[in-house]
Amino acid sequence: MISKKILNALTKEQLIFLINQYQHMEFLISEICVNESKQHIPSEQAIEEIRKELRNCNFPFCASTEEFISLLDYKMGKITLDEYKERIGIG
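For the sequence shown, numbering that gives the first Met the number 0 assigns the number 0 to the initial residue and increments by one for each residue that follows.
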């Protein structure tokens, strides 16, 4: 879960990006659920597919606000990988 402190620190563009990512994830999970309910896939497979999508999601989960914003900027293509690493102190 993204803290209120982090959400308040985001730009409008970053918030829109996060909302779009959330909506995309919601769509993917609902499609998996529909396939399971129509018995196109077994329940166990649906659970595994949902887990896979959650692991692959583009939501950055970080400890600090600065790290979260830096990762978000990287995922949005606003900064390079080297810039991201430099911002979080590993570059």
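Using N, Cα and C, we set each Cβ at its ideal position, and we do this for glycine too.
On a predicted model such as this, the values are computed, not experimentally measured, just so you know.
- Taking a 10 Å sphere around the C-beta of I18, we find fewer than 16 other C-beta atoms and assign the residue as exposed.
- Around I40, the same chain offers N34 as residues with beta carbons nearer than 6 Å, after the five sequence neighbours per side are excluded.
- The region 41–53 makes no contact with the region 69–80, as fewer than three CB pairs between them are under 8 Å.
- Pairwise C-beta distances place the region 72–87 out of contact with the region 21–29, as fewer than three of them are shorter than 8 Å.
- I5 sits close to T64, with the two beta carbons spaced by under 7 Å.
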